[in-house]
Amino acid sequence: MGDNGSVQPELLDIAKQVASWANPGEQLEVYVADATETEVRAYQGEVESFTSARSQGIGVRAVANGRQGYAYAGTLERSALTETLQEARDNAAFAEADEFNGVAVPDGVPAIDLNLCDASLESFATADKISLTIELERATLGADPRVSGIESAEYVDSQLQSAVATSTGIAIASRETGAYLASYAMAEAEGETQTGFGYSIARGPAELDVGAAATQAADRATRLLGAVKPSTSKLTVVLDPWVSAQLLGIIGATLNGDAVQRGRSFFADRIGEQVAVAELCLLDDATNPEAFTAAAVDAEGLATRPNTLINEGRLQGFLHNSYTARRSATASTGSAVRPGFKGAPGVGAQALALRPGQHSPEELIAGIDDGFLVQGVSGLHSGVNPISGDFSTGAEGLRIRNGALAEPLREVTIASTLQRILLDITAIGNDLVWLPMSAAGVSLVVADVMMSGT
Amino acid sequence: MLDHDLINRTLQTALSAGAEFAEVFVEDKRSSSALLDDGRVEELTSGRDRGAGIRVVHKDTTGFAHTADLSASGLAKAASTAAAVAQNNAQSSSTDRRSVAVDAGGAVVGTSARIAPSDVAKSVKVQLLANADAAARASGSQISQVSARYGDSRRRILVANSDGLFAQDDQVRTLFSVSCVASGDTGLQTGRESVGRTIGFELFDETDVTDLARRAAQRAITKLNARPAPSGTMPVVVGPGGGGVLFHEACGHGLEADLVAKSASVFAGRVGDQVATPLVTLIDDGTMAGEWGHYRIDDEGRAAAHNVLIDKGVLTDYMWDHVRARKEGRNSSGNGRRQSYQYLPMVRMTNTYIENGSDHPSDIIAGTESGVYVAQLGGGQVNTATGDYVFGMTEAYLIENGEISEPIRQGNLIGNGPETLKLIDAVGNDFAMGSPGTCGKDGQGVPVGDGTPTLRVTALTIGGTAA
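Chains R and X, in that order, give the protein sequences.
Take the first sequence: its letter number 430 is residue 429 in numbering that gives the first Met the number 0, and every next letter is one higher.
Take the second sequence: its letter number 122 is residue 121 in numbering that gives the first Met the number 0, and every next letter is one higher.
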């Protein structure tokens with residue numbers, strides 16, 4: 000683990016100590032976290048709000064006789080540690096036994112040395128954070144005369160330290176920092192308002208790019224001015240990286256060993272089959288330091304590793320944590336994820352990316368006679384069902400006519416199924432970019448998508 | 000939760016840099032849940048979160064800090080942090096030390112629960128899950144997977160501020176949900192049902208979880224025969240209960256004063272205007288005892304209220320929290336909420352609903368030549384600045400020749416809020432509350448309720464795949 004020396008020693012000590020309280024025949028997994036965060040919001044040249052936050056917590060998973068219980072507390076006070084363990088044990092007594100239950104066991108895979116911290120955060124003064132935020136608002140407002148206001152301009156930095164220890168011998172601590180700028184611009188022309196979002200993300204404030212975030216927000220808002228609602232038609236869509244990364248996140252959920260074992264994935268029993276076009280290779284790799292969700296170890300404390308999910312269109316395998324691996328008689332892929340200390344580890348993708356193609360977005364667009372460049376989607380949670388595969392979302396962006404960008408479109412939906420989309424991809428761009436989510440984006444061309452309008 | 004002396008001292012520290020307003024919010028929340036999946040009670044989880052959030056407001060700047068350390072020194076440290084940022088950034092020149100006097104009183108008047116969930120044995124909760132699982136699986140051989148979740152929470156809050164307010168509440172919520180997967184020649188389909196109330200374990204005196212499970216199972220089975228949803232624009236009839244989500248997105252968020260103040264709402268500057276057809280009366284009401292979005296005081300200590308937002312089509316008012324109301328020299332409408340002590344409060348909805356109209360639901364359907372009937376909605380999203388919103392249909396049917404016909408597959412509908420409000424041409428007399436929801440805004444989730452009678456929008460765009 001990179002930078003291990005600066006992790007508070009007590010965090011790992013606390014986790015190891017609680018794990019050492021395991022009774023004979025009992026397994027314990029203890030996760031301890033300590034997070035600090037600063038958030039600054041600017042509005043009309045002033046600080047609208049300044050939040051200084053620190054939170055700590057512990058989560059304990061207890062497994063005895065195949066029964067699992069979980070408990071957490073939002074504090075690391077001594078009395079809370081014993082109470083939480085007691086609660087987890089009591090909860091386990093009421094669950095039903097499952098022979099595959101248990102915490103992770105060291106598997107000998109070494110954790111990659113990742114440095115996920117930026118030392119510049121430590122010395123970045125409060126006044127600097129404030130001026131950066133106010134500068135972001137000013138730059139957004141100044142990026143284009145049609146920008147009429149902002150919904151919010153914010154700076155956030157965070158530092159997370161965590162430790163996992165188990166009664167089976169895992170004991171590992173991690174530390175990471177992050178900083179980002181986000182700006183939501185409003186643009187106005189002839190009584191019509193449009194909005195756009197821009198951001199910059201890095202491990203520390205020194206690498207943040209105010210100009211890029213401001214320009215992106217202004218461009219995304221102003222390019223939608225004059226948007227019309229088109230008539231319904233089936234056409235080719237180009238999903239921009241921001242949108243394709245969200246799509247990958249949903250695809251990732253269907254490639255999860257847990258969903259497969261419980262009959263909630265349309266990919267079950269399809270390993271080795273052609274599920275996507277031959278150009279498509281999908282990798283989940285949290286060891287890639289370019290990913291903002293990179294991590295040397297997963298939520299159970301096992302080393303992360305690259306996992307090829309789809310290779311040349313063929314389904315290669317699923318993601319596993321130690322439970323789903325035992326149940327499928329295979330090895331964990333280091334894919335345990337958890338919702339902080341408030342929940343036991345599940346399974347999930349951590350850093351998904353498609354293998355980029357040869358062409359730039361401009362070249363891809365130049366090859367389309369009638370299409371729709373989608374720059375934003377809405378309602379992914381309400382109109383997409385990763386179990387059935389139904390896919391329907393609100394969309395906004397620009398019409399493509401005869402190989403060039405044309406009028407902006409609004410109040411339309413695009414619809415297909417997840418199964419069809421993977422087979423209808425006609426090109427993958429070369430513009431891979433890591434985004435503030437557990438996936439990278441890349442321009443993605445998909446044929447035969449229904450665009451519903453008037 | 001904290002004694003008056005300590006609160007007064009904390010407020011004093013928070014004001015020491017010369018701010019105009021300071022507030023201490025203390026929360027002690029205990030949660031428990033149990034999950035059944037794959038035919039087995041998999042896991043029980045319990046948790047505790049306790050801490051305080053301290054807010055200091057000076058001019059237009061808010062400083063905020065939170066701590067899980069409720070000792071005198073922990074609170075003093077958080078208060079100083081919050082105070083410093085407010086002062087630094089508003090260039091305060093005031094050095095007056097204001098005295099703060101929070102009176103005794105504001106005692107908690109009981110909890111919202113008749114039967115405290117913490118007094119109910121875990122074995123009883125687990126049995127409910129098993130009953131739901133059995134009922135869902137007995138609903139049809141197509142049911143291939145069932146999960147059921149039980150959850151309860153007790154959230155005790157205390158709010159005190161430099162205006163002398165001191166208020167407490169004890170909020171108990173109980174929730175139960177069932178999700179089913181049905182398998183057939185057409186693949187997998189899903190059905191979900193949930194019930195959630197701001198009451199205790201007595202929820203299960205009034206709700207039979209096996210009925211809930213059978214409805215979820217039936218929904219999944221029905222959808223196995225669903226056709227691809229249509230595309231294009233057509234009349235949409237929304238069944239009783241579910242339509243609240245439509246209004247929550249189409250105009251609810253746009254009536255939140257924080258968005259209005261930044262002109263980030265299409266409804267800014269429109270109070271007094273006829274924004275909807277006269278059939279529409281929209282209310283947000285945190286006082287509805289037992290409902291999922293109910294509380295006695297909001298997270299700023301203000302009593303919940305019955306707020307008429309649209310009266311017979313005329314926009315009457317927005318929803319307000321303390322900061323936005325103070326700036327306008329008016330009272331908060333009791334809509335200041337936060338996910339937990341770790342967040343700043345902001346304007347949020349509670350229980351948002353449309354009042355009954357006079358149409359018979361069967362007449363509304365019979366009067367629709369062709370369109371879509373949405374029996375259950377599944378959440379949505381809105382861009383308040385443009386008014387464009389989507390909502391999902393998780394159970395829907397075609398309407399052909401004035402009759403509900405075949406089921407259609409899941410998808411989103413899209414519309415524009417101000418336009419939709421003017422296209423509502425029928426409102427039924429069969430009001431019902433919908434399913435419990437969690438409303439997300441700016442990264443914070445809070446429990447909300449909604450309700451509507453059957454109603455019709457003459458034109459909405461259906462996001463299907465069929466021509």
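The beta carbon of each residue, even a glycine, is placed where N, CA and C say it ideally should be.
**Report entry** Anticipated Cβ contact below 8 Å, R/T192 with R/G256, distance rounded
**Finding:** In fact, because the Cβ distance is near 45 Å, the residues do not count as touching under 8 Å.
**Report entry** Length at least 4, wholly inside the segment 358-398 of chain X: the alpha helix (DSSP H) runs in chain order
**Finding:** 360-365
Report task. Check whether the segment 380-392 of chain R touches the segment 204-212 of chain R, taking contact to mean three or more Cβ pairs, one atom from each stretch, closer than 8 Å. Result -> no
Query raised in the report: In three-state DSSP terms, what is R/S51?
Result: Correct three-state label for R/S51: strand.
Requested in this report: Could you work out which residue in R/V444, R/L397 and R/G402 is closest to R/I420 when comparing CA atoms only?
Outcome: R/V444
Requested in this report: With R/P407 as the anchor, note down where its beta strand (DSSP E) starts and where it stops.
Outcome: A403 to T416
Query raised in the report: What are the boundary residues of the beta strand (DSSP E) that includes X/V119?
Result: Secondary structure note for X/V119: it is in no beta strand (DSSP E), with a DSSP letter that is neither H nor E.
Query raised in the report: Pick from R/T165, R/E47 and R/G24: whose alpha carbon is nearest that of R/K15?
Result: Comparing alpha-carbon positions, the option among R/T165, R/E47 and R/G24 lying closest to R/K15 turns out to be R/T165.
Query raised in the report: Touch check for the segment 431-449 of chain X and the segment 280-297 of chain X: three-plus C-beta pairs under 8 Å?
Result: yes
**Report entry** Identity of the residues DSSP links to X/D184 by a beta bridge
**Finding:** Looking at the DSSP assignment, X/D184 forms no beta bridge with any residue, so it has no partner.
Report task. Just list the beta strand (DSSP E) runs in the segment 343-414 of chain R, keeping only unbroken ones of 3 residues or longer that don't cross its boundaries, in chain order. Result -> 351-353, 369-377 and 389-400
Requested in this report: Measure the alpha-carbon distance for X/A215 versus X/C179 and round it to whole angstroms.
Outcome: 6 Å
Query raised in the report: Could one say the Cβ of R/F93 lies closer than 8 Å to chain X's Cβ atoms, at least one of them?
Result: yes
Query raised in the report: Looking at the structure shown, is X/S404 part of a helix, part of a strand, or coil, going by DSSP?
Result: strand
**Report entry** Bounding residues of the alpha helix (DSSP H) (the contiguous stretch that carries R/N90)
**Finding:** R77 to A92
Query raised in the report: Which residues, in order along the segment 139-171 of chain X, keep a beta-carbon less than 7 Å from a beta-carbon of chain R?
Result: Residues are counted here when their Cβ sits less than 7 Å from a Cβ of chain R; for the segment 139-171 of chain X these are S143 and Q144, given in chain order.
Query raised in the report: Ends of the beta strand (DSSP E) at R/Y198?
Result: E191 to A201
Requested in this report: Using a cut-off of 7 Å between C-beta atoms, extract the partners of X/G46 located in chain R.
Outcome: A70, Y71, A72 and K341
Query raised in the report: Would a check of beta-carbon distances place R/R471 closer than 8 Å to chain X?
Result: With chain R running from 0 to 453 in the structure shown, residue 471 of chain R is simply not present.
Query - R/S415 beta carbon less than 8 Å from that of R/M454 - result: For residue 454 of chain R there is no data in the structure shown, the boundaries of chain R being 0 and 453.
Report task. Please name the residue in X/Y294, X/M348 and X/L422 whose C-alpha comes closest to that of X/G109. Result -> X/Y294
Query raised in the report: Which bits of chain X does R/A217 rub up against, with CB to CB less than 9 Å?
Result: Chain X residues near R/A217: none, gap ~14 Å exceeds 9 Å.
**Report entry** Anticipated Cβ contact below 8 Å, R/P407 with R/G225, distance rounded
**Finding:** 6 Å
Query raised in the report: Of the choices R/Q315, R/L301 and R/S161, whose alpha-carbon is the least far from that of R/T307?
Result: Closest in C-alpha terms to R/T307, from the list R/Q315, R/L301 and R/S161, comes R/Q315.
Query raised in the report: Would R/A293 pass as a contact of R/A350 if the rule is Cβ separation under 8 Å?
Result: yes
Requested in this report: Could you pull out every residue in the same chain whose Cβ sits closer than 6 Å to the Cβ of R/A170, ignoring the five residues on either side in sequence?
Outcome: Close CB contacts of R/A170 within its chain, under the 6 Å cut and outside five residues either way in sequence, are with K15 and A164 (chain order).
Query raised in the report: Can you give the Cα-Cα distance for R/K233 and X/G386, rounded to whole angstroms?
Result: 26 Å
Requested in this report: Could you name the residues of the same chain whose beta carbon sits closer than 6 Å to that of X/G312, not counting the 5 residues immediately before and after it, in chain order?
Outcome: In the same chain as X/G312, and ignoring 5 residues on each side of it, the C-beta atoms closer than 6 Å to its own belong to Q273, A275, T276, P277 and V279, in chain order.
Query raised in the report: Using a beta-carbon distance cut-off of less than 8 Å, what residues from the segment 350-381 of chain R approach chain X?
Result: S377, G378, H380 and S381
Query raised in the report: What residue ranges within the segment 165-241 of chain X form continuous alpha helix (DSSP H) runs of no fewer than 4 residues, ordered along the chain?
Result: 202-205 and 208-222
Query raised in the report: Starting from R/L254 and walking both ways along the alpha helix (DSSP H), at which residues does that stretch end?
Result: Run containing R/L254: none; DSSP gives neither H nor E here.
**Report entry** Whole-number beta carbon distance between X/A249 and X/M318, since they are thought to touch under 8 Å
**Finding:** The Cβ separation is near 15 Å, so there is no contact.
Query raised in the report: Quick one: any contact between the segment 343-356 of chain X and the segment 374-391 of chain X, if contact means 3 or more CB pairs under 8 Å?
Result: no
Query raised in the report: Is R/L443 helix, strand or coil when you go by DSSP?
Result: strand
Query raised in the report: Can you tell me whether DSSP reads X/F246 as helix, strand or coil?
Result: helix
Query raised in the report: Nearest to R/G65 by alpha carbon, out of R/P305, R/T35 and R/N100?
Result: R/N100
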